[in-house]
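Some notes on the structure that comes next.
In our numbering, the protein residues as written are 7 to 553.
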């Protein structure tokens, strides 16, 4: 039986709250094209979808879906990004209308329309492939959500296209980092301004313009790697005392996309007074009178300055006002110091690039500085040509060492072994075939240079023989080498080209350019005939006897 009072909890719910969550009513109503949204701990902001008004039937579906999806659970940046993608979608429909019938309702949307948009993003809007792919993916995601909310308004066969930009996920985006020399000039200019502000500071002084706190923002961002959004919202109580060391402090800040609160350890700079701890402490003292007069949430923020508007007592550089204010103030800072254009979002990748150079390409330290979980994220912050130069240098050194040690001897094993300066016992084992591999010979399988191999134990990295500096190739091995190469080439038709390249591409190149080319044409011809016979049999992984 139903207990007394069961189900009575619905009577305690306010009718307005029930109407707020009544999806049927929301679906049927015409949603406003402008709404003011508010998130906990953030300033209210307005989102305008007035660009949809030229297509009322389509606007009802898209606008309603937009507010339902973003009303309570999305971050401000996500909402703005989705609204911008909708604006691009509307502009694409306007462009398409000049040559084709206009799309005025959701029922006319189909995969072909979105394919046309993909072309428009690249050709007309001139977006890079990675940006176009991101924009299109967000539009497709939004339309799929709208179809889930309004299935009756969409065509039953509606679907979104996939993989219109193949391989884009593997393309490395261009870094926003500034050239190191330009970045060092910016840091020098910021340091000069800070020294002047400190020299002329008297108790009770406050920043009267944003330009007086921008140098502090630049140096703090450069020495912590904090991103621009987190920098704008840095709080006054961002320094936390270390548990043991009195001279160390944690700088803490919120990083919403990382899903956790970030912290970074800094030591008091007793000599130059220009460390992060000193900069934050001075900024707190410098803006303290403004914080005392301001109300929440401004009184909890670190970066405040006296407003130019006489109706306001102060103005906060925050995530909602920073793009407009910092752009204008940074222009004044640049012109005063004769610097090239830059923004605060360039500071983090520029600091990462400079650290990469000063640590001789130590990507691990850069990753620790940026507090990334994966190296693939860190590499995007470093200037492309800088890492390419380091990578090319490392590859060249490795190839040089490999060529110096890898030996191709165009003679029979019994004769060729005499040309190698090897200990007698080792040479005898090689001659007897005790160190043979799949299609060659190893100098010493118990002393492998390959990663994760232990000295004194037999090498198990059979896949690395062609690029191993321990490898030896005699005339006896040439038929097996050619047979192995041909087997690798036959696998190309059975695999994805990128996968085959990654697994076998380098091996085939080394076989052709480093091994086979070292033999005489007549030797290659005889070995190729023998390789044809061997190719019909099974591939021997290891034919030697270790011991």
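Positions of the beta carbon are idealized from the N, C-alpha and C atoms, including for glycine.
In this structure residue 269 is in contact with residue 256, their Cβ atoms being roughly 4 angstroms apart against a cut-off of 8 angstroms. When DSSP states are grouped into helix, strand and coil, residue 362 belongs to the helix group. Taking residue 164 as the centre and dropping the five residues before and after it, the same chain places the C-beta of 115, 116 and 153 closer than 7 angstroms to its C-beta, in chain order. A Cβ-Cβ contact shorter than 8 angstroms links residue 111 with residue 63.
DSSP lists 477 as the beta-bridge partner residues of residue 448. Judged by DSSP in its simplified three-state form, residue 384 adopts helix. Checking the DSSP bridge columns, you'll see residue 246 partnered with 256. If you look at residue 212, you'll find it isn't in any beta strand (DSSP E); DSSP assigns it neither H nor E. For residue 135, the uninterrupted alpha helix (DSSP H) segment begins and ends at 135-155. Apart from sequence neighbours up to five positions away, the residues of its chain that approach residue 166 with a beta-carbon distance below 7 angstroms are 117, 120, 146, 149 and 150, ordered along the chain. CA-CA distance, residue 488 to residue 509, rounds to 18 angstroms. Measuring C-alpha to C-alpha distances from residue 49 to each of 516, 449 and 238 identifies 238 as the nearest. Looking at the backbone, the Cα of residue 141 and that of residue 497 are separated by about 37 angstroms. Residue pairing of residue 43 in beta bridges, as defined by DSSP: 51. Straight-line spacing of the CA atoms in residue 159 and residue 87 works out to 25 angstroms.
Pairing residue 346 with residue 277, the inter-Cα distance amounts to about 32 angstroms. The beta carbon of residue 61 is closer than 6 angstroms to those of 110 in its chain, skipping five residues each way along the sequence. Contact annotation, residue 480 with residue 530: C-beta distance approximately 14 angstroms; criterion of less than 8 angstroms not satisfied. Judged by DSSP secondary structure, residue 91 falls within the alpha helix (DSSP H) whose first and last residues are 82-103. Boundaries of the alpha helix (DSSP H) harbouring residue 527: 527-540, taken from the DSSP string. Going by beta carbons, residue 293 and residue 212 fall inside the 8 angstroms limit. The C-beta distance from residue 445 to residue 454 rounds to 17 angstroms, too long to meet the 8 angstroms contact threshold. Check the Cα spacing between residue 483 and each of 233, 380, 525 and 108: the tightest is with 525. DSSP places residue 294 in the uninterrupted alpha helix (DSSP H) bounded by 282-299. By the C-beta criterion, the segment 222-240 is judged to be in contact with the segment 295-310, since at least 3 inter-stretch pairs fall below 8 angstroms. Rounded to the nearest whole angstrom, the CA to CA distance from residue 349 to residue 243 is 26 angstroms.
With a threshold of 16 other beta carbon atoms within 10 Å, residue 38 falls short and is exposed. Restricting attention to 217, 58, 129 and 189, the CA atom closest to the CA of residue 202 is found in 217.
Between residue 229 and residue 253 the beta-carbon gap is near 17 angstroms, outside 8 angstroms, which marks them as no contact. A straight-line Cα-Cα distance of about 25 angstroms links residue 271 and residue 198.
Per the C-alpha coordinates, the member of 261, 196 and 362 positioned closest to residue 285 is 196. By the beta-carbon neighbour count (other beta carbons within 10 angstroms, threshold 16), residue 342 is exposed. Approximately 13 angstroms separates the beta-carbon atoms of residue 429 and residue 441; this is outside 8 angstroms, ruling out the contact. Just so you know, the alpha carbons of residue 190 and residue 283 end up roughly 21 angstroms apart.
The Cβ atoms of residue 44 and residue 54 lie no closer than 8 angstroms to each other. If the five residues before and after residue 372 are omitted, its C-beta is found closer than 6 angstroms to the C-beta atoms of 358, 361, 362 and 384, all from its own chain and listed in chain order.
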